[in-house]
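Residue numbers (UniProt numbering): 1 to 337.
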């Protein structure tokens, strides 16, 4: 994909009323906020591969796409997605290619950070979403940055949690090389472990489910993901990052060589107007997410309010959406489930 969005030339099939930030707080009753809530699971085909996603919250809520980290599934982002949905946002979690319920091709050339960015834009095309806030964690953070470079007009804002940039390269090489060697040369034991763990039921403890999702994967495609990422660029270039204009919230933390705080700090200085949230540790955002969620909610409310104000000015000038509605792209006719 070259930055133009496929499918955008079709005529618009539906008008949806925009949910404003002031309405978000009144939408709490729309979605039961329970740990077992699975959302609306579906899939679509992008570049010949099936990608899985889950929608949480009202279909007419302000859209936020959440993208997981390396080898994890979209379940990693489910607690934050549920919190956003509970407050009236349309929170969509995506399994990137090679992860979760999405297809897992064994060829390393299928995997790159730019390809992951195109998959995020493809999800927006599939759902008929003109613009969305993208929230990515680690691998998902870099993928969101790629999406912002590929299709800047589709990105309303960015939440970049634990980015992996220049200062992380040595830590990644040291940390990931043993994993790649294990996946390459201990395939039989890894396949046996995966077969055993697939018999263990999920749906109980959140962190246990996350671990099971990782160890029950076929080691072949997982190894292809690592090799594909190592043979392509890790993130957009510094010049490309400096050109990003979307409102950006960067989340960093100390004492992590894979996601060094210096990378998060550098990104804040590269993207004009970006803000920083410093977490206490790598696990705070997952174990005690309250502070992170509050920061994200404040950022989302401000970002969508700015967009609503901009749209209002456009209407007064005789252009853009009219009568308080926003025009969205039609959902593709074929639903792949």
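Glycine included, C-beta positions come from ideal geometry on N, C-alpha and C.
Look at residue 230 here: in three-state DSSP terms it is helix.
Nearest to residue 226 by C-alpha distance, out of 113, 54 and 161, is 113. Note on the stretch 128-160: whole beta strand (DSSP E) runs with a minimum of 3 residues are 132-137, in chain order. For residue 164, there is no enclosing alpha helix (DSSP H), as DSSP marks it with neither H nor E. In this structure residue 269 is exposed. Its beta-carbon is surrounded by fewer than 16 other beta-carbon atoms within 10 angstroms. Residue 116 holds the alpha-carbon nearest to the alpha-carbon of residue 102 among 91, 211, 116 and 278.
Nearest Cα to residue 97 within the set 80, 126 and 67: 67. Put simply, the backbone Cα of residue 217 is about 42 Å away from that of residue 306.
Counting the other Cβ atoms within 10 Å of the Cβ of residue 271 gives 16 or more, which makes it buried. Secondary structure of residue 253 (DSSP, three-state): coil. About 20 Å separates the CB atoms of residue 250 and residue 150; that is not less than 8 Å, and the two are not in contact.
Secondary structure note for residue 53: its beta strand (DSSP E) is the uninterrupted segment 49-56.
In the DSSP assignment, residue 63 forms a beta bridge with 90.
Taking C-beta atoms as the reference points, residue 289 and residue 80 count as a pair closer than 8 Å.
Under the three-state reduction of DSSP, residue 101 is assigned to coil, being neither helix nor strand. Selection 70, 45 and 95 evaluated against residue 54 yields 95 as nearest (Cα-Cα). Proximity to residue 89 across 308, 309, 310 and 304 peaks at 304, based on C-alpha coordinates. In the structure shown, residue 44 adopts extended strand secondary structure according to DSSP, grouped into three states.
Of the residues 241, 209 and 152, the one whose Cα lies closest to the Cα of residue 100 is 209. Proximity to residue 92 across 109, 133 and 72 peaks at 133, based on C-alpha coordinates. Residue range 275-278 is occupied by the beta strand (DSSP E) that includes residue 277. Within the same chain, and ignoring the five residues on either side of residue 85 in sequence, the residues whose Cβ sits closer than 7 Å to its Cβ are 31, 56, 57 and 91. Rounded to the nearest angstrom, the Cβ distance from residue 190 to residue 183 is 7 Å, consistent with a contact under 8 Å. In this structure, residue 164 keeps its C-beta atom at 8 Å or more from the C-beta atom of residue 131.
DSSP, reduced to helix, strand and coil, places residue 306 within a helical segment of the structure shown. Ranked by Cα distance from residue 276, the first of 245, 262, 203 and 71 is 262. The Cβ atoms of residue 235 and residue 145 lie closer than 8 Å to each other. Cβ-Cβ distances below 7 Å link residue 59 to 90 in the same chain, with the five nearest sequence neighbours on each side left out; the list follows chain order. Rounded to the nearest whole angstrom, the C-alpha separation of residue 69 and residue 139 is 5 Å.
Residue 120 counts as buried, since at least 16 other C-beta atoms from the protein chains shown sit within 10 angstroms of its C-beta.
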